[in-house]
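J.:
In the numbering used here, the protein residues as written are -15 to 495.
(1) Rounding to the nearest angstrom, what Cα-Cα distance links residue 100 and residue 186 in this structure?
(2) Please report the straight-line C-alpha distance between residue 181 and residue 415, rounded to a whole angstrom.
(3) Quick check: residue 456 and residue 436, are their CB atoms within less than 8 Å of each other?
(4) Suppose the cutoff is 7 Å on Cβ atoms and the five residues either side in sequence are ignored; what does the same chain contact list for residue 166 look like?
(5) For residue 350 versus residue 245, is the C-beta spacing smaller than 8 Å?
(6) Going by CA-CA distance only, name the one from 170, 198, 473 that's closest to residue 179.
(7) Rounded to the nearest angstrom, what separates residue 460 and residue 433 at their Cα positions?
(8) Let me know the beta strand (DSSP E) ranges lying completely inside the region 38 to 115, each 3 residues or longer, listed in chain order.
(9) Just the Cα atoms here: how many angstroms apart are residue 378 and residue 390?
(10) Between residue 318 and the rest of its own chain, which residues show a CB-CB distance below 7 Å, the 5 nearest in sequence each way excluded?
(11) Quick one: grab the DSSP three-state call for residue 387.
(12) Check whether the region 323 to 331 touches the region 117 to 137, taking contact to mean three or more Cβ pairs, one atom from each stretch, closer than 8 Å.
(13) Would residue 384 pass as a contact of residue 447 if the rule is Cβ separation under 8 Å?
(14) So the alpha helix (DSSP H) residue 237 belongs to, where does it begin and stop?
(15) Which complete beta strand (DSSP E) runs does the region 170 to 229 hold, if anything under 3 residues is left out?
(16) With 16 as the cutoff for other CB atoms within 10 Å, does residue 173 come out buried or exposed?
(17) Start and end of the beta strand (DSSP E) containing residue 144?
(18) Are the CB atoms of residue 316 and residue 225 nearer to each other than 8 Å?
(19) Rounded C-beta distance between residue 321 and residue 109? I'm assuming under 8 Å.
(20) Within a Cβ cutoff of 6 Å, which residues of the same chain sit near residue 89, ignoring the five residues on either side of it in sequence?
(21) Just verifying my parser: in three-state terms, what is the DSSP assignment at residue 132?
(22) I'd like the list of long-range same chain contacts for residue 141, defined as Cβ closer than 8 Å, with 5 residues on each side in sequence excluded.
(23) If you run the structure through DSSP and keep just helix, strand and coil, what is residue 489?
(24) For residue 91, would you say it is in contact with chain B, using Cβ-to-Cβ distances shorter than 8 Å as the test?
(25) Can the beta-carbon of residue 58 be found less than 8 Å from the beta-carbon of residue 231?
(26) Please report the residue range of the alpha helix (DSSP H) in which residue 426 lies.
(27) Alpha carbon to alpha carbon, how far is residue 171 from residue 79?
(28) Is the distance from the Cβ of residue 201 to the Cβ of residue 124 below 8 Å?
(29) Could you name the residues of the same chain whose beta carbon sits closer than 8 Å to that of residue 97, not counting the 5 residues immediately before and after it, in chain order?
(30) CB-CB under 6 Å to residue 412, same chain, minus the five flanking residues each way: which ones, in chain order?
(31) Could you check whether residue 81 and residue 115 sit closer than 8 Å to each other, using their CB atoms as the reference points?
(32) Quick check on residue 60: buried or exposed, where buried means 16 or more other Cβ atoms within 10 Å of its Cβ?
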């Protein structure tokens, strides 16, 4: 056989062998290729999921605010059902956490773990410098008006002072120490024992034989139920010191201003919702806290919540009415700093004389004026009227009445028209109309006449000037509260001046 033929046969045999090998290996190769394809697809899917998760986390972070606080009832509205509903409708959320010291919360705020914290002004002043004041105050939430107090068990002159490890508790003690009425107790020199919070202070009060305890509601009311407990001194004696504020990290305001603005708007809407639904407020607070009605009432009566309009005044954001922008929060920062430096709590002013360093009214200003539609006022029960606070510095003149009459004369109608115009420019106010009479005569008849005068003024404002009846309450005092007589004032002129309806301006919302 020739060599060429052998070569051809060899090639044929190799081809057949290759074909047989490919035939046998084809399923395995196809399986491996399919597996590689599946692995590649799985890898792509994993990458896609990771990217979606990253985008989702970024979107959630952009539409949520992680807030830390101490669990105080004054923070309850941040976790309330109404706020969760308001925020949820806009795709927002507020995640609230407590259980840490203020110093730890500020460290986490500086590290970016929290977006915001709620603290008393005094605590931020004392602890904020250690982390270079990482946030700015964007809203004042509430002020204690008796919700913080010193309770004495046994003799006030004996025993240690037990107080939570917070700057605001120490501030209350410093303010009480400066009261001449308590000078004999030597509060500044008494031995002090600090505990984590009000709950721990209350537990010590229950087991101690005596001493002084700095407490906050609701632990304050619980302590006052103990045998021999006495309320010694409370925050109702001072103004502009014990204010809880919302502090937002500076980077959050710079990178997510819309989120901060929208959460503030939702917070104020929730506050307004509960102000008009006190029964619902108590029911939801009771369900969330387990407090009885007496404890809830004690808390709500002793704390003042700041709505949107009040915040514009606190943070010096100019409003649309004739009341100028205030500096309430700046005044509070300065006042707290002065007391804490004087007591030695602070070695020096940590803000170096510039309180505006930690205040930013921008997010509040971005909300604009409160929409007029949100100011519609609903009727209030008598108990809710009793909780409304008079507006400091706002004293509408009394409306004169003819002596012994209950009908408005020409002078009274002119004064009523001016009052109605004044009230129309101030939708945030309600009025209590209190009738009075001249001296003399039967007091029972005087009391009835004074009530008729208040009722006549109310009816005139409603029917002639369109004032909503829900904004007006009436009362009568007879001749029991005469005005002081001016020097040299004729008797008849004085008696005529006593026949009047006093006008008391009240904040429209009872929170």
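Just so you know, even glycine gets a beta-carbon here, dropped at the ideal spot from N, CA and C.
T.: For this structure:
(1) 28 Å
(2) 40 Å
(3) no
(4) By the criterion of a C-beta distance shorter than 7 Å, residue 166 is surrounded in its chain by 160, 217, once the five residues flanking it on both sides are discounted.
(5) Cβ atoms of residue 350 and residue 245: closer than 8 Å.
(6) 198
(7) 8 Å
(8) Counting only runs of 3 or more, we get 48 to 52, 77 to 81, 100 to 104.
(9) 26 Å
(10) 339
(11) coil
(12) no
(13) Contact flag unset, no.
(14) 234 to 239
(15) 176 to 179, 195 to 200, 213 to 218
(16) When all chains shown are included, residue 173 counts as exposed.
(17) Where residue 144 is concerned, there is no enclosing beta strand (DSSP E), given that its DSSP letter is neither H nor E.
(18) yes
(19) 6 Å
(20) 52, 101
(21) strand
(22) 168, 169
(23) Looking at residue 489 - three-state DSSP - the assignment turns out to be strand.
(24) Among the protein chains of the structure shown there is no chain B, as only one such chain exists.
(25) no
(26) Here residue 426 belongs to no alpha helix (DSSP H), and DSSP marks it neither H nor E.
(27) 39 Å
(28) no
(29) 50
(30) 293, 492
(31) no
(32) buried
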